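As structure tokens, the structure follows; a few thoughts come after it.
Residue numbers (mature numbering (1 follows the signal peptide of the UniProt record, and there is no 0)): -45 to -1, 1 to 111.
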């Protein structure tokens, strides 16, 4: 059991004061964090079955070319980009367009038509099978599952 910190003529040691401040901050922050993270859902929220939540169509994929292909593309210049996207479209059996390049070298590819989640996963699998990518992920729209919207001001 720690005893009171020895005080010098300048007050308590800094480490002791810092520990006390940290403990107080955590004691106040943890309950607030639990509420914000959804540990306690709002009392007015209606529960819904997750299967009832509408599934938005998938309109884009997130891909990152493998390192060797990226370095070869950098040497050849940007005129090569259109040809690469055409090759990816042929491999995916789905017309694709390059929407934008993200940080870290990833790229967003837009699908020509909205697809269901299972169809988009099949397109992603076909692209993965080419071996030209570090990863290919379906860009799903995220919905809060299990809670029905009940905003009374929505229709005003």
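Yeah, the Cβ is synthetic: ideal placement off N, Cα and C, and Gly gets one too.
Owing to the predicted nature of the structure, the values given are computational and were not obtained by experimental measurement.
**Message:** So, with DSSP's three-state summary, where would you put residue 55?
**Reply:** In the three-state DSSP reduction, residue 55 falls in the strand class (E or B).
**Message:** For residue 73 and residue 107, I'd like the C-alpha separation in whole angstroms.
**Reply:** Going from the Cα of residue 73 to the Cα of residue 107 covers about 35 Å.
**Asked** If residue 15 and residue 65 are in contact, beta carbons under 8 Å, what's the gap, nearest whole angstrom?
**Response** That pair is a contact at about 5 Å.
**Asked** Secondary structure at residue 41, three-state DSSP: helix, strand or coil?
**Response** In the structure shown, residue 41 sits in a helix (DSSP, three-state: H, G or I).
**Item:** Beta-carbon separation (whole angstroms), residue 82 vs residue 46, contact threshold 8 Å
**Value:** That belief holds up - the Cβ atoms of residue 82 and residue 46 are roughly 6 Å apart, short of 8 Å.
**Asked** Got a sec? Which residues, its chain only, sit under 8 Å from residue 51 by beta carbon, not counting five neighbours each side?
**Response** Closer than 8 Å at the Cβ level, and outside the excluded window around residue 51, lie 16, 40, 43, 44, 64, 65, 66 and 67.
**Request:** Could you pull the start and end residues of the beta strand (DSSP E) that residue 61 belongs to?
**Result:** That run of the beta strand (DSSP E) goes 61 to 70.
**Request:** Could you name the residues that DSSP lists as bridge partners for residue 20?
**Result:** DSSP, once it has assigned bridges, lists 88 as partnering residue 20.
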